[in-house]
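The structure under discussion appears below in the form of C-alpha cells.
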Amino acid sequence: MMKKRIHIIFVIFLGINLSSCEKELVDFTEVTNPELSESSIIGQPNSAQSWLYGVERQMAELSNEYVTISEIASDNYENTQTFYNQLLDNLNIDFQDADMSQLHFDIAKLREMALFGLNRVAPNDINSSNNTLAEFNFYKGISHLLAGEYFSFLPAEANGVPLSSEENLNLAIESFNTALSLSNSASYHMAIARANYSLGNKAEAVTAAQDALNLDATLLMEVAYDQSNGPSNTMEAALYGRGTFDDLQPLPSLDFLDPKYSFLSNDIDQPLYFLKAEEAHLIIAEAQLSDNDLPAAQTTLKNLLTLINSRDTRTIDDTVEGRDQDHPGSRPDNSSIVVKYEGDIDFKTGLVIDRSTTVTVPVVSGTSVTDVDIDALASIDEALELLFLVRQEVFIAEGRRVIDLGIKYVIHETELLLNPNIDENNPGLTRVIPPFIDSIKAELDDFTYDAGTGTVIIKHNLNKILVQNKTSNLVLPFN
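For what it's worth, the UniProt record's numbering labels the leading residue of the sequence shown as 1, then goes sequentially.
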C-alpha cells in the first residue's frame with residue numbers, strides 16, 4: 001500500500017493523469033493568454049471546422065503511437081536498435097511500459113476532443129454543418145474502435161469502469177451509425193464493417209463492406225502528416241528517415257513491400273491509410289470461406305488483386321538501406337534470393353529486392369499473391385492461409401497485424417493508480433496472447449539466411465498457424 005501511495009504522489013507531481021484527460025483538454029479556467037481562452041474557440045464562426053482540424057491532428061498523433069509499437073510486436077518487423085520500443089519485439093507486454101500509457105492517453109484524448117467538438121464547439125458555431133458533426137462522431141467512433149481492437153479492457157470515459165473489447169467495439173458502431181445518419185460516407189460504412197468484423201458479426205460486416213464498395217470502390221481514408229509543423233510520420237522515420245540506423249527490418253518474405261513510407265517533401269509526410277477498399281474485399285472473401293463457398297471467395301480475391309495492382313507505387317533511392325542489422329551480410333538484400341517457410345517444399349522468388357539502386361514499392365497496398373495462386377486453391381484452409389497472407393501484406397506498416405494475431409495490450413499502471421474503478425485484479429491488466437502465439441513469441445521474426453546458396457527459411461508461418469487454430473475465439477472471427 002505504501003508503494004501505491006508513493007506512486008500516486010509521484011504521478012500527480014508529474015501531472016500525468018490519463019483518467020482526467022478531459023479536464024486537461026477542455027478546462028480553460030487557468031488559462032491567462034486571451035488567444036487560448038475558451039471564448040477564443042466557443043462561439044466563433046467556423047470554430048467547428050477549426051476544432052475538427054485539431055481532432056484530425058490528434059488522429060495523426062494516435063496513429064504514430066499504435067502503428068510503430070504494433071509493427072514491432074508483430075512478425076512483420078524486427079526492431080534492431082534501441083530508439084523505439086524495446087519490450088514488444090518479444091511480446092513483453094508490460095503495464096509499466098510508457099508506450100502503453102501513451103497509447104491509452106492518445107485514444108482518450110481523441111475521444112474527448114471529438115466529444116468537446118460535439119457538445120461545446122459545434123452547437124455554438126453558426127456555420128457548423130452535418131458533415132462536421134458526422135466527422136466528430138466518426139472520430140469518437142475511431143477512439144472506441146481502437147480501444148476495442150488493441151485492448152481487452154479500457155475505460156470509455158474519464159475514471160470510468162473498464163469496458164471489454166466487445167463493449168468498446170459496440171460503442172464504435174453506435175458512433176459510426178450516428179455519423180452515417182448525418183452524412184453518407186463510404187468511410188463510415190467501412191468503419192462499421194471493420195468493427196463488426198472484429199466482433200464476428202458476419203452478416204453485418206459483409207453488408208457494411210459491400211455498402212462501402214458501392215459508394216467508393218477505391219476508398220482511401222488517410223491520416224495526414226505535416227513534415228514541417230508536425231506531427232510527422234513516425235513509421236516513415238523508422239523505415240526510411242533514419243537511414244543507416246536500419247531500425248525496423250522486415251521479415252524477408254515482406255522485403256518487397258518495404259519501405260511503405262518514404263520522404264515526400266519538407267512540407268508534408270507520407271500519409272497512413274486508415275481505411276481502404278481492400279479491407280472490404282477481404283471481409284467478404286473471409287465470410288464466403290466461412291460459408292464453405294470457395295469459388296465465390298476466389299472471385300472476390302481476384303477482384304481484390306485487381307484493386308491492389310491498380311494502387312500507386314513510388315520509386316525511391318533506398319541505397320542507404322543495407323539490411324545490415326549491424327552485421328553485414330546477416331539479412332537478404334538482393335533479388336536473386338529465394339524464400340520459403342520451414343516445412344514448405346518450394347522456395348518463392350521476387351520477395352527480396354535489390355537495394356543497390358532505386359526501388360519501386362507499393363505505398364497503399366501490395367501483395368505477392370497472383371491469380372494463378374488463387375486458381376490453385378483446393379481447400380478452405382488453403383484459401384484462408386492465403387487470405388491472411390494477403391491481409392498481412394496489404395496492412396503492413398499500418399499496425400494491424402497484431403490484431404489478426406489475437407494479441408491485446410494492457411491497461412497502464414497510471415490508470416491503475418488513479419482510477420478508483422480499477423484494482424490489481426482487473427483483467428485488463430493481463431496481456432492477451434493466444435497460447436499458440438505465446439509459445440513461440442521469441443521466434444516470430446526468426447529465419448535462417450544462407451548467403452552462399454541465396455536461400456532464406458523463415459521459422460514460423462503464422463498464417464498457417466492461425467488457420468490451424470481457427471476455432472480459437474481469439475482469431476479468425478468468422479470461424
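All C-beta atoms, glycine included, are put in the ideal place defined by N, C-alpha and C.
Inter-residue spacing [alpha-carbon to alpha-carbon] between residue i and residue j
{"i": "ASP125", "j": "GLN44", "result": "6 Å"}
{"i": "ASP89", "j": "ALA442", "result": "8 Å"}
{"i": "CYS21", "j": "LEU377", "result": "Reliability of the predicted coordinates at CYS21 is poor, the pLDDT of 47 falling under 50, and no value is obtained from them."}
{"i": "LEU389", "j": "ASN463", "result": "6 Å"}
{"i": "VAL339", "j": "ILE345", "result": "11 Å"}
{"i": "ILE173", "j": "ASP317", "result": "42 Å"}
{"i": "SER50", "j": "ILE437", "result": "44 Å"}
{"i": "GLY406", "j": "ILE283", "result": "17 Å"}
{"i": "GLU415", "j": "LYS109", "result": "14 Å"}
{"i": "SER63", "j": "ARG111", "result": "14 Å"}
{"i": "LEU91", "j": "ILE42", "result": "44 Å"}
{"i": "GLY399", "j": "SER365", "result": "14 Å"}
{"i": "LEU180", "j": "ASP94", "result": "37 Å"}
{"i": "ASP423", "j": "ASP97", "result": "18 Å"}
Counted within 10 angstroms of its Cβ, other Cβ atoms place residue i as buried (16 or more) or exposed
{"i": "PRO123", "result": "exposed"}
{"i": "GLY343", "result": "exposed"}
{"i": "ASP450", "result": "exposed"}
{"i": "ASP255", "result": "buried"}
{"i": "SER185", "result": "buried"}
{"i": "VAL361", "result": "buried"}
{"i": "SER253", "result": "buried"}
{"i": "VAL467", "result": "buried"}
{"i": "VAL320", "result": "exposed"}
Residue i and residue j closer than 8 Å at C-beta
{"i": "residue 480", "j": "LEU163", "result": "An answer regarding residue 480 cannot be provided, because it is not within the stretch 1 to 479 covered by the chain."}
{"i": "SER330", "j": "LEU351", "result": "no"}
{"i": "ILE458", "j": "LEU275", "result": "no"}
{"i": "SER379", "j": "ASP354", "result": "no"}
{"i": "GLU65", "j": "LEU103", "result": "yes"}
{"i": "ASN127", "j": "ASN46", "result": "yes"}
{"i": "ARG194", "j": "LEU146", "result": "no"}
{"i": "ALA238", "j": "TYR84", "result": "yes"}
{"i": "MET190", "j": "ALA134", "result": "no"}
{"i": "PRO477", "j": "GLY200", "result": "yes"}
{"i": "GLN301", "j": "LEU215", "result": "The amino acid at residue 301 is misidentified as Gln; the sequence shows Leu. Cβ atoms of LEU301 and LEU215: not closer than 8 Å."}
Three-state class that DSSP yields for residue i in the structure shown
{"i": "SER265", "result": "coil"}
{"i": "VAL121", "result": "helix"}
{"i": "GLN227", "result": "coil"}
{"i": "TYR53", "result": "helix"}
{"i": "ILE16", "result": "Interpretation of ILE16 is limited by its pLDDT of 40, a score under 50 that renders its predicted location unreliable; the figure taken from the coordinates is listed afterwards. ILE16 falls in the coil class under three-state DSSP."}
{"i": "SER310", "result": "helix"}
{"i": "LYS464", "result": "helix"}
{"i": "PRO420", "result": "coil"}
{"i": "PHE95", "result": "coil"}
{"i": "ASP450", "result": "strand"}
{"i": "VAL320", "result": "coil"}
{"i": "GLU38", "result": "helix"}
{"i": "PHE151", "result": "strand"}
{"i": "GLN44", "result": "coil"}
Residue i CB to nearest heavy atom of the ligand ADP below 7 Å
{"i": "PRO332", "result": "What this structure holds is no ligand at all, so the ligand ADP is not there to describe."}
Can you list the alpha helix (DSSP H) stretches of 4 or more residues lying completely in the region 180-213, in chain order?
-> 186-199
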